[in-house]
Structure formats: C-alpha cells, structure tokens
Amino acid sequence: MSPKWLKKPIKGVLLDISGVLKDYKEAIQESVFAFETLQKLGIPYRLVTNETTETKAQLVKSLRNMGFNVYEKDILSPVPVMINIIRENKLKPHLLVADEILEEFNIENDENKDCVVISDAGPNLNYEKMNEAFRLLINMPEPKLFSLGMGKYYKGDNGLNLDVGAFTKALEYATGVNAIPVGKPTPEFFLTAVNDMKLKPEDVVMIGDDIESDVKGAQACGIRGVLVKTGKYRSSDGGELIADGVVTNLNEGIQLIKNTIS
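Mapped onto my numbering, the consecutive letters of the sequence shown carry residue numbers 847 to 1108.
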C-alpha cells in the first residue's frame, strides 16, 4: 500500500539542501543518486533553502563539487528576496550577515539605518555584533527586523549549532520588535517556488529535515510535507505525528515517487 502522501499525483518537488542533499560540505549517502533520479524523471523541482553563508554561485559550485548537477535558476534563497524588499521600500539596512554575502547587497554606508537584517552569519553572530544590532533597533523611531529564515538549529560539521532564529528571538525579546521572516517557512517563499514551476500547491511535495521550516511551512500552503531522517532530524521532535510522510533519506522518497509514475 502506498503511503498517504502518494495518493494524489505528484507533479512537482521542492527540496531543502542542508540536511537533505548535504551535511555541511559532504553529500548525504545516496542523495546524489536520488537527485539524478529525480532529474531523469522529468518532474519539475526547485531547491528551497535558507542558506545564507555563501552566495548562490558559491552554493552551486560547492554542490557541483559534491556531484549534484544543479543550476542557479533552480535555487530559491532568501538573499535575493531580501534585496528586492530593500530596493522596493528604499530601506537603509544594518546587515548582520555572513561576510561572504555582504557584496550581494551592494548597500551604501549610511549612518541613518532604519532596519536590521539578520541571517546565519557564523562567527559574526557574537555578543558585540548582536548588541550593536540591539542598540540600533531600540533607538529606531520605527524599527524593523528582518530575519532570513527562522530556524532553531542546524547540523554542521561539528554537530548541531544554533540557527538564526535563536538569535532573532533574542533581539525580539530585548527590543519588543516582531521580526519579519524572509524565506522558509513563509507562505510567500514556498508559493514563489510553486508558481515558478507553474503548478498548484496541492500537486507539489516538499522534502526536508526541519519539521517547522520545511514540513509545517509547506503544509500551511497546501503543499505536502515529507520529513527525512537525515540532517538535524531527531525523533524526539515528534515530526512523524505532523508530517504527511516520513522517509529514511532523500533516495527513499524519490524512489517512492518514481514507483507511482512508472
């Protein structure tokens, strides 16, 4: 009997990157084969990620070095979305982001900051930098805090690490400012990927290792959310009770999809 999430036809697939395709700088076992299988099936797909520690070009290069035949056009990440928000609203942001992506913003140095943008910034998320962001926010007449993702933690090369969401919550608590998420799990982010494939949410499945950002975020849009037991997956999170489906790894998920259309 097919799992419940396979009862309706799947016309498009959304994949997380970290924890699904790779862990830090290494491909997860069988994920390269699974990705090749997905491409051969001819089903539209997009990689939806909150990765903000490297540019999209750098991300593509690192994924290709692992064996994934990916292109920039297939990746949706928060940085380009945030840049559009800044331009459209003529914002003057204080950037608390990784050094690797600073140039992408191409922001003039203006002392009159009117918002703070925070992302997974690695070592830049230290006390001094956080306190600087706090002081700016607390003194802004109309403070705005943008968070590129709201993840609690992620799996790095040395184990689990605090993600940007934990630092964002600290700034929210200290300033009373409610953050504006950009990226997963916002409906706009998922629907941008779905619309780019020219599909309807109910025809798409999201496969990820984060029960909040990937599974719940997708489900809120009418997309089926499937949880993988790789990356930062922990059985104690109770994801099996929430997700539409649970698979051991990406390859199991793709093979199940393949079996329904062959």
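Ideal Cβ placement from N, Cα and C applies to all residues, glycine included.
Inter-residue spacing [alpha-carbon to alpha-carbon] between residue i and residue j
{"i": "residue 1098", "j": "residue 1083", "result": "21 Å"}
{"i": "residue 990", "j": "residue 965", "result": "14 Å"}
{"i": "residue 861", "j": "residue 906", "result": "15 Å"}
{"i": "residue 874", "j": "residue 1056", "result": "16 Å"}
{"i": "residue 891", "j": "residue 1036", "result": "12 Å"}
{"i": "residue 904", "j": "residue 924", "result": "15 Å"}
{"i": "residue 1065", "j": "residue 1093", "result": "17 Å"}
{"i": "residue 938", "j": "residue 1008", "result": "27 Å"}
{"i": "residue 949", "j": "residue 901", "result": "9 Å"}
{"i": "residue 1081", "j": "residue 933", "result": "42 Å"}
{"i": "residue 1048", "j": "residue 931", "result": "28 Å"}
{"i": "residue 1069", "j": "residue 1051", "result": "6 Å"}
{"i": "residue 1004", "j": "residue 870", "result": "9 Å"}
{"i": "residue 1016", "j": "residue 955", "result": "26 Å"}
{"i": "residue 897", "j": "residue 944", "result": "11 Å"}
{"i": "residue 1032", "j": "residue 1041", "result": "15 Å"}
Candidates the options, of which the one nearest residue i by Cα
{"i": "residue 994", "options": "1011, 986 and 1003", "result": "1011"}
{"i": "residue 920", "options": "972, 859 and 930", "result": "859"}
{"i": "residue 1053", "options": "1103, 974 and 992", "result": "1103"}
{"i": "residue 1058", "options": "1087, 945 and 984", "result": "1087"}
{"i": "residue 843", "options": "936, 881 and 922", "result": "Nothing can be reported for residue 843: it is not among the residues displayed for the chain, which extend from 847 to 1108."}
Beta-carbon proximity of residue i to residue j, cut-off 8 Å
{"i": "residue 960", "j": "residue 996", "result": "no"}
{"i": "residue 899", "j": "residue 1002", "result": "no"}
{"i": "residue 864", "j": "residue 883", "result": "no"}
{"i": "residue 1106", "j": "residue 908", "result": "no"}
{"i": "residue 1045", "j": "residue 1061", "result": "no"}
{"i": "residue 942", "j": "residue 927", "result": "no"}
Distance between beta carbons of residue j and residue i, contact taken as under 8 Å
{"i": "residue 1078", "j": "residue 1000", "result": "6 Å"}
{"i": "residue 914", "j": "residue 878", "result": "6 Å"}
{"i": "residue 850", "j": "residue 1063", "result": "19 Å between Cβ atoms; not a contact."}
{"i": "residue 980", "j": "residue 1039", "result": "About 33 Å separates the two Cβ atoms, so there is no contact after all."}
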